[in-house]
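All residue numbers for the sequence shown refer to this note's numbering, where the first residue is 14 and numbers rise by one.
All C-beta atoms, glycine included, are put in the ideal place defined by N, C-alpha and C.
Working notes for the structure below.
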Amino acid sequence: MLVEKVDQMMEWSSRRSVIRMNGEKFRRFVKAPPRNYSANEEYQVLANSWRYSSAFSNRLFFTVVDYDEGADVFQQLNMNSAPTFMHFPAKGKPKRADTFDLQRIGFASEQLAKWIHDRTDVQIRVFRPPNYSGTIALALLVSLVGGLLYLRRNNLEFIYNKTGWAMAALCVVFAMTSGQMWNHIRGPPYAHKNPQNGQV
């Protein structure tokens, strides 16, 4: 039984860094004994760092339970907020320190890696993929402004147009007060599924 569970978790880990689970899989692979591995709800950067490291083994698995697919897991663990990072030790029940304190520490991959090391003695070196979005956005902005100035090089009075600047300022104010910035920072889902009737 244990060998089958570990083999299945290893197979899933080789396909994806973070294993998606529903309520039935969570109970079978995380909560039910026997188990000699650690399971942890996690996020992609840290999971990829572990998966592609030379120390990758069956001592630690990263899983995620989505509320839409496993609402019963949230009820079983008495969780009323997400995300929550939890460590399920190989032996015994999870202690208070097995739940990561997001409010106090934050959820940077390096902090999570340190917490995992404290809980499991598994050292994970975090590798972040390069982020080119800022460079691309800056290059696009510079090219747009440069192109506009080149096309209007003979008449630059539009820069001193009070109405244009007022309209731009109003657009920024409306975008901020409409909740667009909150949506951008928090990234909430567009819709939720009701677990009782499945209605979206």
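The criterion of a C-beta distance shorter than 7 Å is not satisfied by aspartate 85 and lysine 206. By the Cβ rule, the stretch 133 to 144 counts as touching the stretch 61 to 70, because three or more pairs are nearer than 8 Å. Within its own chain, the residues whose Cβ lies closer than 6 Å to the Cβ of methionine 34, once the five positions on either side in sequence are excluded, are Thr76 and Val78, listed in chain order. For methionine 189, the enclosing alpha helix (DSSP H) begins and ends at 175 to 190. When rounded, the separation of the alpha-carbon atoms in phenylalanine 113 and phenylalanine 87 is 16 Å.
Using a Cβ distance threshold of 7 Å, phenylalanine 74 and serine 26 count as a contacting pair. For the 7 Å CB-CB criterion, phenylalanine 39 and glycine 105 do not form a contact. Annotation: the continuous beta strand (DSSP E) that includes isoleucine 32 extends over 31 to 34. Distance from the CA of proline 208 to the CA of glutamine 89, rounded to the nearest whole angstrom, comes to 15 Å.
In the three-state scheme derived from DSSP, where H, G and I count as helix and E and B as strand, phenylalanine 171 is classed as helix. Burial state of methionine 22 is buried, judged by a 10 Å Cβ sphere holding 16 or more other Cβ atoms. In terms of CA proximity to alanine 110, Trp128 leads the group Trp128, Gln116, Tyr173 and Val185. CA-to-CA, the gap between asparagine 91 and arginine 141 works out to about 33 Å.
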